[in-house]
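Novice:
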Amino acid sequence: MDFLQFWTRADLISEFGQNGPYTVSTEVAPNGGHSQAEAVVNYSKKLQDDLQVLGQKIKYHEDNVKYLKTLKNRLEDSILDMQVSLGKYHTTSSSMMENEDPAHLKNEAETVEHILRHEKSAAAILCQLKTQHETQASDIQWTKDVVGIVATLGKVDDDNLSRLLSQYLGLETMLAIVCNTYEGVKALEAYDKEGLIDKSLGLHALGASIGRPLDGRFLVICLEHLRPYVGKYIADDPQKRLDLLKPRLPNGETPPGFLGYAVNMIRIDITNLYSISNTGQGLRETLFYNLFSNLQVYRSRENMLKALPCIANGAISLDGGMIKSPGCFSLGHKGAVDVKFPKSSERLNLPENYFETENRMKETRWKVDRTLEDIQREHTAIRPCKVQF
């Protein structure tokens, strides 16, 4: 349908009156109404030109807003990565840890002590072998394939976060034995011809020999059978943290209160960061990626629940909220945690680039603030254009 068909002579008079920008005569012209048609054509052309100009202005400002929002998201992602690298995700109650006496910091020895309290566990047997029977351990070939116990293979900067992550995994997983190969797994337990456990071999025999008979089931994780992370790593990060995509709300924003991914909040000893498995990968991209996957960490339960559309695997919050998996909520009190990851001493021995990273983070926050101001200016500029449009 031709554009002019939308506009009648009465419409023009109603819109602009007899003395509008284009005077539309109510008399029929001697030449058969050509002057009236010409006025309609002129008005239509002027309207189209004006709308085109307004449309271009709106698109210009909308493109600017889109670019600025992308820039803001990128800057905020960078801040999150720097916060995780510096361990700056603590609750207010735990922020005093920098002033604590180092003698009271949780360490691996205390974690081992808690493991040993589970007297008849496989983890306790291996810990006792390592701490009290080192000579005997060196004579047992299969122990060389054992990487360690999950609870001793990672450290966490914050005691509250350590408690939450340990609770998320559960005691059985925290006490799990980690082996490099399946041959090592098979060596832990042997069976007779009838399929019954042969207690004269493997871990059962070892437990009996040191006065800790093994009782019940125990979990063993085999690194060479895990599906490792195959993506990129955060650039120039000495801890080889994984460059995981940040969650996004439908509006493209990172959910408020999102602090990072649990897998990147575990500190790993340098000896276990590289080539620990037969595939040449470290514990972060093998063991801890399989334990935590894309588990998200939020500042509060309220933040976590508002971000539900973005949570694909699970989430925890620093005030005790926990989503084990999509649709599976863990409720009730946090409770006591028997075995948890030891507290890292990294904050007592600051890395060389600590203050450089602090300064970069402040500079990036300043850039975010300026970007928000630019976005506000674009919104202010676009508003009258949309009103006229």
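Going left to right, the sequence shown walks through residues -2 to 386 as our numbering numbers them. The beta-carbon is built from N, C-alpha and C at its ideal position, and this holds for glycine as well.
#1: Run through DSSP, which three-state label would residue 174 get?
#2: Look at the alpha carbon of residue 261 and the alpha carbon of residue 281, and state the distance between them as a whole number of angstroms.
#3: With distances taken from CA atoms, which of 374, 296, 224, 380 is nearest residue 66?
#4: Excluding the 5 residues flanking residue 128 on each side, which residues of the same chain have their C-beta closer than 7 Å to its C-beta?
#5: Just curious, the alpha helix (DSSP H) that residue 122 is in, first and last residue?
#6: Can you tell me whether residue 256 is helix, strand or coil according to DSSP?
#7: Buried or exposed for residue 326, please, with buried defined as at least 16 other CB atoms from any protein chain shown within 10 angstroms of its CB.
#8: Quick one: using the 10 Å Cβ neighbour count with 16 as the cut-off for buried, is residue 377 buried or exposed?
#9: Just to confirm the assignment: which complete beta strand (DSSP E) runs, minimum length 3, are found wholly within the stretch 243 to 313?
#10: With DSSP as the reference, please indicate the residues paired to residue 51 in a beta bridge.
#11: What's the C-alpha gap between residue 143 and residue 296?
#12: Is there contact here, the stretch 183 to 199 with the stretch 231 to 238, by at least three beta-carbon pairs under 8 Å?
#13: Classify residue 146 as helix, strand or coil using the three-state DSSP reduction.
#14: Could you spell out where the alpha helix (DSSP H) holding residue 183 opens and where it closes?
#15: Compute the distance between the beta-carbons of residue 63 and residue 365, then report whether it is under 7 Å.
#16: When you compare the stretch 242 to 260 with the stretch 299 to 315, are there three or more beta-carbon pairs, one atom per stretch, that lie closer than 8 Å?
#17: From the DSSP output, in three-state form, read off residue 372 for me.
#18: Taking three-plus beta-carbon pairs below 8 Å as touching, is the stretch 197 to 215 in contact with the stretch 110 to 121?
#19: Would residue 308 be called buried (16 or more neighbouring beta carbons within 10 Å of its own) or exposed?
#20: Compute the distance between the beta-carbons of residue 388 and residue 227, then report whether it is under 7 Å.
#21: Are there three or more Cβ pairs, one per stretch, closer than 8 Å when the stretch 142 to 159 is compared with the stretch 173 to 193?
#22: Can you grab the Cα-Cα spacing for the pair residue 107 / residue 368, in whole Å?
#23: Pick from 240, 76, 382: whose alpha carbon is nearest that of residue 362?
#24: Please determine, among 284, 384, 206, 36, the residue with the shortest C-alpha to C-alpha distance to residue 225.
#25: For residue 253, which residues of its own chain have a beta-carbon under 6 Å away from its beta-carbon, when the five flanking residues on both sides are left out?
#26: Taking a contact to mean a Cβ-Cβ separation below 7 Å, would you say residue 288 touches residue 310 in this structure?
#27: Using only CA atoms, which one of 153, 42, 167 lies nearest to residue 333?
#28: Only counting the same chain, and skipping five residues up and downstream in sequence, which positions put a Cβ closer than 7 Å to that of residue 125?
Specialist: For this structure:
#1: On the sequence shown, residue 174 is found 177 positions in, with the first residue counted as 1. The DSSP-derived three-state label of residue 174 is strand.
#2: Within the sequence shown, residue 261 is the residue found at index 264, counting from 1. Within the sequence shown, residue 281 is the residue found at index 284, counting from 1. Rounded to the nearest angstrom, the two C-alpha atoms are 8 Å apart.
#3: Taking the first residue of the sequence shown as 1, we reach residue 66 at position 69. Of the listed residues, the one whose Cα sits closest to residue 66 is 374.
#4: Within the sequence shown, residue 128 is the residue found at index 131, counting from 1. Closer than 7 Å at the Cβ level, and outside the excluded window around residue 128, lie 109.
#5: The residue you call residue 122 lines up with position 125 of the sequence shown. Element bounds for residue 122: 119 to 129.
#6: On the sequence shown, residue 256 is found 259 positions in, with the first residue counted as 1. It is a strand residue.
#7: Here residue 326 is taken as the residue at index 329 of the sequence shown, counted from 1. Looking at its Cβ environment, which holds fewer than 16 other Cβ atoms inside 10 Å, residue 326 is exposed.
#8: Along the sequence shown, read from residue 1 onward, the residue named residue 377 stands at position 380. By the neighbour-count rule (16 or more Cβ atoms within 10 Å), residue 377 is not buried but exposed.
#9: For the stretch 243 to 313, whole beta strand (DSSP E) runs of length 3 or above, ordered along the chain, are 255 to 258, 293 to 295.
#10: Residue mapping note: residue 51 aligns to position 54 of the sequence shown, counting from 1. Under the DSSP definition of a beta bridge, residue 51 lacks any partner.
#11: In the sequence shown, counting from the first residue as 1, residue 143 sits at position 146. In the sequence shown, counting from the first residue as 1, residue 296 sits at position 299. Whole-angstrom Cα-Cα distance: 36 Å.
#12: no
#13: Start at 1 with the first residue of the sequence shown, and residue 146 comes out as number 149. It is a strand residue.
#14: In the sequence shown, counting from the first residue as 1, residue 183 sits at position 186. Unbroken alpha helix (DSSP H) run through residue 183: 179 to 185.
#15: Residue numbering aside, residue 63 sits at position 66 when the sequence shown is read from its first letter. Residue numbering aside, residue 365 sits at position 368 when the sequence shown is read from its first letter. Taking 7 Å as the Cβ cut-off, residue 63 and residue 365 do not qualify as a contacting pair.
#16: Contact between the stretch 242 to 260 and the stretch 299 to 315 is present, because at least three Cβ pairs lie under 8 Å.
#17: The residue labelled residue 372 in the question sits at position 375 within the sequence shown. Of the three classes helix, strand and coil, the one that applies to residue 372 here is helix, per DSSP.
#18: yes
#19: Taking the sequence shown and counting its residues from 1, the one referred to as residue 308 is at position 311. By the 10 Å Cβ count, residue 308 comes out buried.
#20: Residue numbering for the chain in the displayed model covers -2 to 386; residue 388 lies beyond these limits and cannot be assessed.
#21: yes
#22: Counted from its first residue, the sequence shown places residue 107 at position 110. Counted from its first residue, the sequence shown places residue 368 at position 371. Each residue's alpha carbon lies about 47 Å from the other.
#23: Translated into positions along the sequence shown, residue 362 becomes position 365. It is 76.
#24: As a first step, residue 225 must be located in the sequence shown, where it is residue number 228. Checked all of 284, 384, 206, 36; the closest Cα to residue 225 is 284.
#25: In the sequence shown, the residue the question calls residue 253 occupies position 256. The answer, listed in chain order, is 300.
#26: Here residue 288 refers to the residue found at position 291 of the sequence shown. Here residue 310 refers to the residue found at position 313 of the sequence shown. In this structure, residue 310 does not lie closer than 7 Å to residue 288 by Cβ.
#27: On the sequence shown, residue 333 is found 336 positions in, with the first residue counted as 1. The shortest Cα separation from residue 333 among 153, 42, 167 belongs to 167.
#28: Residue mapping note: residue 125 aligns to position 128 of the sequence shown, counting from 1. The residues are 113, 207, 209.
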